[in-house]
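Asker:
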């Protein structure tokens, strides 16, 4: 039987032990806190794998069904811009990894520089993506928005694409499925770009906080876990580049 | 306590990151070059193999998984397993729909 007098007699809490200011009280140690945050981040990334995995699976199934349409659609993509964007994103992953190192070794100006470079490379990626999207809009390759089959039923009307691939005209019932290719193209690259935009927003926030010395006093969890997110986006693009731009060039 | 903290997180240095950066740039060059060569059936396989190699390098070194806890590795393994299950069961369905009808 517990009554108020007993509670009042309970020994006072032991003296406050010395620990890092950022250690939450429900964790036993800084190490446990960092492990818990890292584990949670990876669980989130696994849900992201399944999210993009669904899109990749849809692409795989439809590519096998409407193979000729998907090959012809893929030939409309510009390998130069795709390659440039892959390089931009890989270098941004490198600058992000260097940012994590700067945070871990407590280099404040180095961290701000790395985060700023990552931020700018991310914007560069979106800029190049805009150039590509604009070309699709000009050619009427946006599904459900004045979509035109001319590029696929009359390939010779586009000499710059025709001279490279010599595509044969598609039959009308196959040509309509190029719209499905571009639906998946815009869905997959669009979802990827949305992740980039969110990442760039968080980077801006981190740059401001890093200038005030937020991540260079031992508490690096935020930078570390954001790095995981940024590298994950890089991996998604590595596969998008291979599947959308490269694998249909010779088919 | 100090000892624990020192053991907790292996810091990956700039040297490793630079090597991985160049490996990734090399892989990108290689996969673009391979896409210009007509290898027929092998083109998609080589493109995906190079993409997977690049992704593995990113996961192991940029994302520090090589130095991570077993719990992290198990989580990633579970994620990859679920994804492969998604792909293989879906394809098993589509491949077997016309079973016996040809």
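Chains as they are written, first to last, in this note's numbering: chain A, 96 to 346; chain B, -19 to 82.
Idealized CB from N, CA, C, for every residue including glycine.
Keep in mind the model is a prediction, meaning the values are calculated, not measured.
Do you know whose CA, among 231/A, 203/A and 217/A, lies nearest residue 294/A's CA?
Answerer: Considering only alpha carbons, the answer is 217/A.
Asker: At the 8 Å Cβ level, is residue 10/B part of the contact set with chain A, yes or no?
Answerer: No, no contact with chain A.
Asker: Pick helix, strand or coil for residue 293/A, following the three-state DSSP scheme.
Answerer: If DSSP states are grouped into helix, strand and coil, residue 293/A belongs with the helices.
Asker: Going by the CB atoms, is the gap between residue 226/A and residue 176/A shorter than 8 Å?
Answerer: Taking 8 Å as the Cβ cut-off, residue 176/A and residue 226/A qualify as a contacting pair.
Asker: Listing by chain order, which chain A residues have their CB less than 9 Å from the CB of residue 50/B?
Answerer: The contacting residues do not exist; residue 50/B stays about 11 Å from chain A at best.
Asker: State buried or exposed for residue 147/A, treating a residue as buried only when at least 16 other CB atoms are found within 10 Å of its CB.
Answerer: Label assigned to residue 147/A: buried.
Asker: Counting Cβ pairs closer than 8 Å, one from the stretch 330 to 346 of chain A and one from the stretch 239 to 247 of chain A, do we hit at least three?
Answerer: Judged by Cβ distances under 8 Å, the stretch 330 to 346 of chain A makes no contact with the stretch 239 to 247 of chain A, as fewer than three pairs qualify.
Asker: Run through DSSP, which three-state label would residue 262/A get?
Answerer: Coil at residue 262/A, not helix or strand.
Asker: Got a sec: is the Cβ-Cβ distance from residue 5/B to anything in chain A below 8 Å?
Answerer: Answer yes: the Cβ-Cβ gap between residue 5/B and chain A drops below 8 Å somewhere.
Asker: Less than 6 Å between C-beta atoms, sequence neighbours within five positions excluded: which residues of the same chain meet that for residue 340/A?
Answerer: Excluding residues within five positions, the ones whose Cβ falls inside 6 Å are 172, 174 and 177.
Asker: Going by the beta-carbon positions, is the gap between residue 224/A and residue 284/A smaller than 8 Å?
Answerer: A contact, by the Cβ cut-off of 8 Å.
Asker: If you check the beta carbons only, do residue 156/A and residue 70/B fall under 8 Å apart?
Answerer: For residue 156/A and residue 70/B, yes; Cβs fall inside 8 Å.
Asker: Can you tell me which of 230/A, 326/A and 317/A puts its alpha carbon nearest to the alpha carbon of residue 277/A?
Answerer: Among 230/A, 326/A and 317/A, the Cα nearest to that of residue 277/A is on 230/A.
Asker: May I ask you to verify whether the stretch 157 to 166 of chain A touches the stretch 188 to 204 of chain A, counting CB pairs closer than 8 Å and requiring at least 3?
Answerer: Because the criterion of three Cβ pairs below 8 Å is not met, the stretch 157 to 166 of chain A and the stretch 188 to 204 of chain A do not touch.
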